[in-house]
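Sequence positions in the sequence shown follow mature numbering (1 follows the signal peptide of the UniProt record, and there is no 0) and run -24 to -1, 1 to 238. Take a look at the structure below.
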Amino acid sequence: MRSYLTTAGAFILAAMTLPSIAQAATDPSGVWLDDKGRGAIEIKPCGDDYCGYVVWVKDTNDTRGCGKQIIGNVSATGSGIWDNGWIYSPERKKKYSVELKLLSDNQLRVKGYAGTKFFSKTMVWTKAPDTLTRCDDAVYAKKTEPAAESAPALQPATPPDVTSDAPPATTAAKPDAASPSAADTAEAPVTEPQKDTGDAASPPAQKPAAPQKKEMANAAPPPDVEDGPSLGDLPIDKYFNKTADGRCKLDLPWVKLDFACD
């Protein structure tokens, strides 16, 4: 009877440990290179589920993605399948449903799908080498690196205490606001005292205004244009000229003459 109970207990214990062993055999944990070799993702437990984080990138221009989570909420569903999670596509900037299945120690099948597995894309990731240089460690070290101690600020030089033999300057007394300034005194006119003549002071006599010159006074009368010799209604001086060589010219509107003046 006792041996029977012992055997039964062993079977129960084995039945309880078999799922754990099977789950451990299909555990997708590890660092995996994606199907294009552009990056490596570390899949590890996060609570009761599994998550994946970027730990290496081939292109140094993509280092800003190091440490970011791209897989989440993956859980075991039996038969070596890990499902009901999500995967993020950096190219499309969208999340899709994901299924993981360990094909071998060096291969992991990753199936992304949208709602239904009828519309899916299957990728095979490979185990990353142990010598892989992780970029998430560098990012973490950069974030936690203590700031370099700054050089102490230079103190301003204190000028030497120079004792002067000259007596301290005295503060000039402020002028009394009620007392006139020297400039006002210089500009004030000096008035002579008036002599007492016994008569009441009379206002100073005003000079008579100078008589205004009459305009046009003694203006010379305009010259009489009709004075002098004339030829009919035309003055001769206007049309008659005598040249230096002794010739006379008469330039009339209707005739022009050139003749010797003698």
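Beta carbons: idealized from backbone N, C-alpha and C, even for Gly.
Cβ pair residue i, residue j closer than 9 Å
i	j	result
residue 62	residue 26	no
residue 23	residue 47	no
residue 99	residue 91	no
Own chain, CB closer than 6 Å to residue i, minus 5 neighbours either side, in chain order
i	result
residue 51	25 and 60
residue 282	Because the chain is modelled from -24 through 238, residue 282 falls outside the range shown and cannot be assessed.
residue 112	31, 42 and 43
residue 79	85
residue 20	5
Backbone CA spacing between residue i and residue j [nearest angstrom]
i	j	result
residue 218	residue 233	12 Å
residue 96	residue 71	13 Å
residue 214	residue 222	18 Å
residue 35	residue 6	22 Å
residue 53	residue 15	27 Å
residue 227	residue 235	12 Å
residue 39	residue 17	13 Å
residue 13	residue 93	25 Å
residue 37	residue 67	15 Å
residue 75	residue 45	16 Å
residue -3	residue 69	Confidence is the limiting factor: at residue -3 the pLDDT is only 48, short of 50, which leaves the residue's position unreliable and the question unanswerable from this model.
Own chain partners of residue i with C-beta closer than 8 Å, once the 5 adjacent residues on each side are dropped
i	result
residue 82	102 and 103
residue 3	78
residue 231	none
residue 225	216, 217, 218, 219, 232, 233 and 234
residue 237	218, 222, 223 and 224
residue 65	71, 72 and 88
residue 200	For residue 200, the pLDDT reaches just 47, beneath the cut-off of 50, and the residue's location in the model is therefore unreliable, although a value from the coordinates is still provided. For residue 200, where only same-chain residues beyond five positions count, there are no Cβ hits under 8 Å.
Sequence-distant residues of the same chain with beta carbon closer than 7 Å to residue i, five excluded per side
i	result
residue 110	31 and 32
residue 49	25, 60, 61 and 62
residue 108	7, 16 and 32
residue 105	none
residue 56	2, 77 and 78
residue 229	none
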